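Quick note, the sequences are listed as chains A and B, same order. Under our numbering, the first residue of the first sequence is numbered -1, with each subsequent residue one higher. Under our numbering, the first residue of the second sequence is numbered 2, with each subsequent residue one higher. Contents: one structure, followed by commentary.
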Amino acid sequence: MTPLSHIRNFSIVAHIDHGKSTLADRLIQSTNTVADRDMKEQMLDSMDIERERGITIKAQTVRINYTAKDGEEYILNLIDTPGHVDFAYEVSRSMRAVEGSLLVVDSTQGVEAQTLANVYHAIEADHEIVPVLNKIDLPASDCDRVAEQIEDVIGIDATGAIRVSAKTGVGIEDTLEAIVTHLPAPKGTLDAPLKAMLVDSWYDSYLGVIVLVRIMDGQLRKGDRIRMMQNGSVHHVDRIGVFRPQMTEIDTLGPGEIGFLTASIKQVRDTRVGDTITHEKKGTDTALPGFKPSQPVVFCGLFPVDSAEFEDLRDAIEKLALNDASFSFEMETSAALGFGFRCGFLGLLHLEVIRDRIEREYDIDLITTAPSVIYHIHMKDGEMMELHNPADMPDLTLVDHLEEPRIKATILVPDDYLGDVLKLCQDRRGIQEDLTYAGSRAMVVYDLPLNEVVFDFYDRLKSVTKGYASFDYQMMGYRQDNLVKMSILVNDEPVDALSTMVHRDRAEGRGRAMVEKLKDLIPRHMFKIPIQAAIGGKVIARETLSAMRKDVTAKCYGGDATRKRKLLDKQKAGKKKMRQFGKVDIPQEAFISALKMDG
Amino acid sequence: MTEDWQNGGFGLYIHWPFCEAKCPYCDFNSHVSRTIDQRAWRDAYLSELARAAAETPGRVLNAVYFGGGTPSLMDPDTVADIITAIRSHWPHANDLEITLEANPGSVEAGRFRAYNSAGVNRISMGVQALNDTDLKRLGRIHTANEALIAFDIARDTFDRVSFDLIYGRQEQSAADWRSELKQALSLAIDHISLYQLTIESGTAFGDRYALGKLRGLPNDDLGADMFEMTQDICGAAGMPAYEVSNHARDGAQSRHNMIYWRYGDYIGIGPGAHGRLTLNGQKHATVCFSNPNRWLIGARDGQTEQPREALSRADQAAEFLMMGLRLREGVDRERFETLSGTSLDTDQIADLVNLGFLEVGKDRITVSNQGVIIMNSVIEALIPAE
């Protein structure tokens, strides 16, 4: 067991693409934690989706042995956290398990919205923060300006900021040394009853649930009987260990240490993140403060393209939910789409990640319906109900008024693009709350309806600012507004999966944009197809998709039969990826693409 | 017991894989080669014919077709030896149709008489366009005038002459095509094939198209208008379409091609040649190696084919509809049912009839005039789901 004075626990705070994963890779590599031949890019991002998108979704942990300049050997525990706003909750709880943070800022870019959001989590968790200026090998690097910006915007001393190129390895030794000298050692008492924080948990098909713990007081040994303080359940610990970053079993975890345990736990849901773990006998009486559970804010329907795959989808969703307690689901039936699930997510990225994993890991083609937020419907009889799905909108004569969730959005943008950002926010029914400058960058704060943001706000923001803006938000509660349900009719049949809640003043514009989009997304058929947007019985926008004009093979002789037949088979298989509504085939991507607004 | 293929007949296709130059739109199996050992090729065709004959003893041969490539580059002697062998291998009618595809160049035209003596009685000329600008764009090495001279020689030599034109070319207006088509019809003897230019991937045009460099092609609306205009003009001139792109005077249809569309059996010999062959009651798809040398070497010991594919009833049903509905005579429902073991979806048929794309007679169903232009969708809708 390592003495407390020789342990340092830390996380890395950064905006996406500022080099967090590369820096983590270098720290791992330069301490020979992983043999060079086993080293791969973004060591800690284990899911394919994480590697592909260059994002971290699940918190990951690694234990690094480092011999410092004072000749002593230290244990450095890194918890790598997700950077995206959807997973802000995971960030804040991971921060509670460590004492300090490296604040990584790209010295060619400066502070961004995610830097801010995440550094605030670190400050809230009372972290000691070491600023690291990365990418100093690039010609556009401007360390002095960025250091000044860190002091101006965040308000922490950046004079001693470490200058690093995670790419070339410059400054890595300094970073390791700073972790040892600047960050505090953890506190804890070896003789006290066991008190361990449940930081995270996930399901492994061989080992069952793996629980990531931070020992606050006492010792955890293999074979111990432990109690989860929240529900009182008792488990027998069959394994404990640390991540290097692959799982390595050890015998004991002491105060200040971070590691894992397995105890034949079947479901992630049985392990509440933030819970306190103690010994069954002679345990502690005082639990740690704990965290409040994360709440889904975005809902959508997931339906199998092939209705025969419903059971496979149920199976996939249940397996994913085993590992992700923040993801909720319940069965849903749609007149148009048949059986599926209404699922709740932390945000749109979370939605996309889950959807991609179902399609990829379970090989099920999905139709994803329009994402929706939770509306509060206040009925005339004084009751309030939550609306997760526009298709469930009750009879309007019974409704008194509707409320929608609002957010506080913080956007940092170079002032060249400020006008575009303000226009975008105004177009999305935003109310400006603040506008300040830090150097040539503006920071704008807007009060925005969440339903204007869940969909494509971030894409639009990136496109109007050529990628230079950064964005983060927090939930702000509910407010009444004039909201209506807009239905879409294709070939005179309502397609419930395309129903959306919109603001009355925006309905015509949204309706027009959607029918125009659908006209492009639905392939031409043998007959013409009217596409309409309607509120109640009133049509507010209409387009007509004309019938196909030409679809004939000019030459088809003996040598063509095989190839043309196979082509036909392929086309028929392609049609199976579409869903039939009446006599119209609608491609699966139409359900999402139709909602994306270009302006 | 009669077998299904007998409804369509039995034909023989000989593929000659060489061309003087490769055309940018062509996705057929053709190769440019300086030296061709005519004797070796003759021997290979003869031994392959003997092998095919051994598999199909006693079948009455309805038609023979020399395609390519450019079969008018074959020595007339080679053609003569092949035809003699064919006549000795299979029983056949006295008026066995033997077609040879020819380029309308002056050199080829000089061989027409010799081909006729060899037994060729029908010639199909790849004229493609009647003006030099478009011929150049299509990569053709003959001129319009050469084509007209070659055509005169063909007409004097053969009873039956067909020629091909490609329309929907770059920068071609409907009016351009109308006057060119009228000129073509004034020349036509008894048969003409009119193809809308199709950009196939894997061709030079396909590559240019993918790069966005093939400009001035008609959009679907203009293409559809040109197609409809073509039907009207040819119909009025007594050369109605009997298939999507083929027009003939009454009785002058290509008997060989009718075997494909009526879903008969046909043997394919030569590099890349496809066949359909019913053996012991099972219909097979056959295909020869497309590399000319591989095929030539393989012919020494009868190893010229890729493994044969036994066609399932569903495959056969799909091919039967796909080929048969191209014909104005349509398909026989009972034959479809016997072949596929299923019947056509009556709701689907009713929909297509209501839309005006399908006509249902007592025994046959036919794609209507209006439906031909979107025939692929009609066929796809009719093919039973697996």
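Note that the Cβ used here is the ideal one computed from N, Cα and C, for glycine as well. These figures come from a predicted structure and were not determined experimentally.
Residue-chain proximity (residue i, chain B), Cβ-Cβ < 8 Å
{"i": "A/D549", "result": "yes"}
{"i": "A/F579", "result": "no"}
{"i": "A/A164", "result": "no"}
{"i": "A/L566", "result": "yes"}
{"i": "A/K517", "result": "no"}
{"i": "A/T560", "result": "yes"}
{"i": "A/Y201", "result": "no"}
{"i": "A/M524", "result": "yes"}
{"i": "A/Y555", "result": "yes"}
8 Å Cβ cutoff, residue i in contact with chain A
{"i": "B/D208", "result": "no"}
{"i": "B/L356", "result": "yes"}
{"i": "B/I374", "result": "yes"}
{"i": "B/A175", "result": "no"}
{"i": "B/E320", "result": "yes"}
{"i": "B/T367", "result": "no"}
{"i": "B/H275", "result": "yes"}
{"i": "B/A286", "result": "yes"}
{"i": "B/T199", "result": "yes"}
{"i": "B/T378", "result": "The amino acid occupying residue 378 of chain B in the given sequence is Ser; Thr does not appear at that position. So yes, B/S378 belongs to the interface."}
{"i": "B/I298", "result": "no"}
{"i": "B/E381", "result": "yes"}
{"i": "B/V245", "result": "yes"}
{"i": "B/R263", "result": "no"}
Cβ shell of residue i (< 6 Å), same chain only, five flanking positions each side left out
{"i": "A/G597", "result": "With a pLDDT of only 41 at A/G597, under 50, the local geometry of the prediction cannot be trusted, and no value is derived from it."}
{"i": "A/Y201", "result": "V207, V266, L320, N321"}
{"i": "A/Q578", "result": "none"}
{"i": "B/E201", "result": "D28, G207"}
{"i": "B/A238", "result": "L186"}
{"i": "A/N489", "result": "I527, G580, V582"}
Cut-off 8 Å between Cβ atoms - residues of its own chain near residue i, not counting five sequence neighbours on either side
{"i": "A/E171", "result": "S28"}
{"i": "B/C235", "result": "L182, L186, I193, L195, P241, A242, H248"}
Any non-hydrogen atom of the ligand FAD within 7 Å of residue i CB
{"i": "B/A115", "result": "Summarising the ligand content, the structure contains no ligands, and the ligand FAD is consequently not present."}
Assumed close pair residue i, residue j - CB separation to whole angstroms, cut-off 8 Å
{"i": "A/P612", "j": "A/L344", "result": "Only positions -1 to 597 of chain A appear in this structure, which leaves residue 612 of chain A out of reach."}
{"i": "A/K133", "j": "A/G17", "result": "6 Å"}
{"i": "A/Q586", "j": "A/I365", "result": "5 Å"}
{"i": "B/G224", "j": "B/G169", "result": "5 Å"}
{"i": "A/V103", "j": "A/V109", "result": "6 Å"}
{"i": "A/V397", "j": "A/M377", "result": "6 Å"}
Within chain D, partners of residue i - CB distance below 8 Å
{"i": "B/D221", "result": "You won't find chain D in this structure, because its protein chains are A and B."}
Nonlocal neighbours in the same chain, by C-beta distance under 7 Å from residue i, ignoring five residues either side
{"i": "A/M546", "result": "R522, H523, M524"}
{"i": "A/M466", "result": "According to the sequence provided, residue 466 of chain A is Tyr. The question's Met does not apply to it. Cβ neighbours of A/Y466 beyond the five flanking positions: V411, P412, Y415."}
{"i": "B/M323", "result": "I380"}
{"i": "A/S105", "result": "L131, N132, K133, I134, S139, D140, C141, V144"}
{"i": "B/R112", "result": "S73, P77"}
{"i": "B/F299", "result": "The residue you asked about is not Phe; residue 299 of chain B is Gly in the sequence shown. For B/G299, where only same-chain residues beyond five positions count, the Cβ hits under 7 Å are F290, T305."}
Bridge-paired residues (DSSP) for residue i
{"i": "B/H16", "result": "B/G68"}
{"i": "B/L101", "result": "B/F67, B/I124"}
{"i": "A/E541", "result": "A/I529"}
{"i": "A/Q430", "result": "A/Y444"}
{"i": "A/Y201", "result": "A/V207"}
{"i": "B/A286", "result": "B/R277, B/E310"}
{"i": "B/S163", "result": "B/S125, B/H192"}
{"i": "A/M382", "result": "A/H376"}
{"i": "A/F469", "result": "A/I409"}
{"i": "A/A194", "result": "A/I213, A/I275"}
Could you say if the region 87 to 98 of chain A and the region 175 to 194 of chain A meet the contact criterion of at least three C-beta pairs nearer than 8 Å? yes
Three Cβ pairs or more, each shorter than 8 Å: is that satisfied between the region 372 to 382 of chain A and the region 280 to 287 of chain A? no
Between the region 5 to 18 of chain B and the region 258 to 270 of chain B, are three or more C-beta pairs nearer than 8 Å? yes
Would you call the region 213 to 233 of chain B and the region 284 to 297 of chain B touching, i.e. three or more CB-CB distances under 8 Å? With the cut-off at 8 Å, the region 213 to 233 of chain B and the region 284 to 297 of chain B do not touch.
Pairs of beta-carbons, one from the region 384 to 400 of chain A and one from the region 417 to 428 of chain A, closer than 8 Å: are there three or more? no
Measuring CB atoms only, is the region 155 to 174 of chain B touching the region 293 to 312 of chain B, in the sense that at least three cross pairs come out at less than 8 Å? The region 155 to 174 of chain B, when compared against the region 293 to 312 of chain B, does not touch it at the 8 Å Cβ threshold.
Please confirm if the region 98 to 114 of chain B is in contact with the region 59 to 76 of chain B, defined as three or more CB-CB distances below 8 Å between the two stretches. yes
Quick test of the definition: if touching needs 3 or more C-beta pairs under 8 Å, does the region 249 to 262 of chain A touch the region 230 to 241 of chain A? They touch, by the three-pair rule.
Contact between the region 324 to 341 of chain A and the region 490 to 498 of chain A is defined here as three or more beta-carbon pairs at a separation below 8 Å; is this criterion met? Touching, per the Cβ criterion.
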